[in-house]
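Mapping of the sequence shown onto the working numbering: residues -16 to 376, in sequence order.
Glycine residues also receive a C-beta, built at the ideal position from the N, C-alpha and C atoms.
These notes are about the structure you will find just below.
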Amino acid sequence: MPTNLPAEAESKWKEVTQARDPKLKLKLLEEFLSLVPKHKGTAKLCAKVKRQMALLRREIEERKRKKVTSSPPKFYVEREGVAQVAIVGLTNSGRSSLLSSLTNAKVKVSDVPFTTIMPRPGVLKYEDVSFQLVETPPIFEGISSRKGFGSQTMNLIRNADGLIVMIDLSKNPLEQIELIASELERSQIRIEKPRCIIRLERRKGLEQVRVNVKGSLLDCTVNDVIKLLNRKGIRNAYLEIEGKATLKEIEESISANFKYLPSLILANKYDLQGASENYLKLKSWLENRGLSLLPISCKTGYNLDRIGRELFKMFKIIRVYCKEPNEEEASPEPFIMREEATISDLARQIHSDFIKKFSYAKVWSNRLKFSPQRVGLNFKLEDGDIVEIRLKS
C-alpha cells in the first residue's frame, strides 16, 4: 500500500483488514476506495481493491443461492375471512379439485400423486361471510416424524382454525381416516371432539380474568378457575369453557400442547360405483366421535353447495349487525361472534370503553315477541340479530 495515503484512508483500511463478514468488508472497501486519491501512484492499489470487491460480490451471491436452495419453503399463509380451514387428506383424495370447485384459486388438478407440495389458499363465500380454504400437501404415513416437509405441513395444519378432511370413497375409507387421525395425533392435533373444549385468549383490554362457562363445572367454581389462572401468571385473559369440565381438565388443557381442531369430513367420489358402501362404513366409524360427515363429488358437484353452511355450523358462529342510534339501516358488515355470545361480548368487541359507558341496548329479531326489545349486557344474541347500543352521556 502506498505510504502517502490520507489518514482517513489508512484508518479505513485497518477496518477492512479486521472485517470478516463479506457484506461488511465490501461496504468498507467501497468507502476506502472513495477516500483514495486517484493518480498514477495509486492506480495498482485501486485495481487490486476493485478485484477484491468483485470477488466479494461473487461470494455474497453464491451464499444467497445456497441459502435459497437449502432453506425449506415457507408454509405460512396470511389469514383472511372469518376462519382459516386446512384441507387435509391422502394424495389423490380430491383436495385440489375441491379447492378449485369452491374458490377462485388457480389450481393444477392432476392424477399424478403428490402434485401439491406447497400450500394453496382460496376463499369460499357463504352468504355474507368468507372462509379461507388452504390446501395442504398430502398426509402420508410417517409425515409426523418430519419426513418430506412434514414439520412445515403439520405446523400449517396446527395454525388453522379447523379442518376439512378429504376421504376417497374409491378406496378403504377406514384406513384413510385412521392414518390421518394417527399422524395428526402424533403432532398433538386432535380432530375428535373432547368432553370439554377450553379456549384461552389473552386480552390486554381486560383488567382481570373473565370466565365464560358454556356447560358446567363439575368439581369447582368460577372463582377456583380464576385462582388457577392467576397461579399460572394469567391475569388478563378471556377463558371459554364448552362442555363439562373438572378443574384438573382445565389445568391440563391450559398446560398441554394438544390442540383440538373442529373438522368436517368430506367423503369424496360418492358418484362412483360401490362408494355408498364405503360411505356407510365411514359413517359407522365416525359415530359418537363428534365429527360431521358429508358425502360429495367434486366431479359432479354433488353437495358442494352445502359445504359453506356446514363450515358455518361447525365453527358455531353467529352474525350480529350493528346499527347506529337514529339510523334506519344496520351496517351490512356483521360482527362475527361465537354462539351464546351476549351484548357484553359484543360491546367489548366494538370497544373496551363500551362496557364502562353502557346504558342499554336495543335488539331487532324475528324470534322476539316485541322488536325492538330493550336489553342489558347479559342478553344472549343469535345469528342475524340487529343491535343498537346506547351509551351513558
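- The alpha-carbon of R214 is positioned some 30 Å away from that of I174.
- Excluding five sequence positions before and after R302, the CB atoms of its chain that fall closer than 6 Å to its own CB belong to P317, D366, given in chain order.
- With respect to the C-alpha of L167, the residue from Q35, L139, L351 having the closest C-alpha is L139.
- In the structure shown, the three-state DSSP call for M36 is helix.
- Boundaries cannot be given for R186, as no alpha helix (DSSP H) includes it and DSSP labels it neither H nor E.
- Under DSSP, the beta-bridge partners assigned to L276 are I248.
- Within the segment 264 to 329, complete beta strand (DSSP E) segments of at least 3 residues are found at 275 to 278, 300 to 305, 318 to 321, given in chain order.
- For Y59, the secondary structure class from DSSP, reduced to helix, strand or coil, is coil.
- G145 is bridged by DSSP to V68.
- Rounded to the nearest whole angstrom, the CA to CA distance from N309 to N261 is 58 Å.
- Assigned with DSSP and collapsed to three states, L18 falls in helix.
- Residue range 336 to 340 is occupied by the alpha helix (DSSP H) that includes F337.
- Under the 8 Å Cβ criterion, the segment 208 to 227 does not count as touching the segment 153 to 172, having fewer than three qualifying pairs.
- Residue pairing for S113: DSSP places it in a beta bridge opposite K108.
- Bridge partners of K345 according to DSSP: R357, E371.
- In the DSSP assignment, N206 falls outside any beta strand (DSSP E) and within the unbroken alpha helix (DSSP H) covering 205 to 214.
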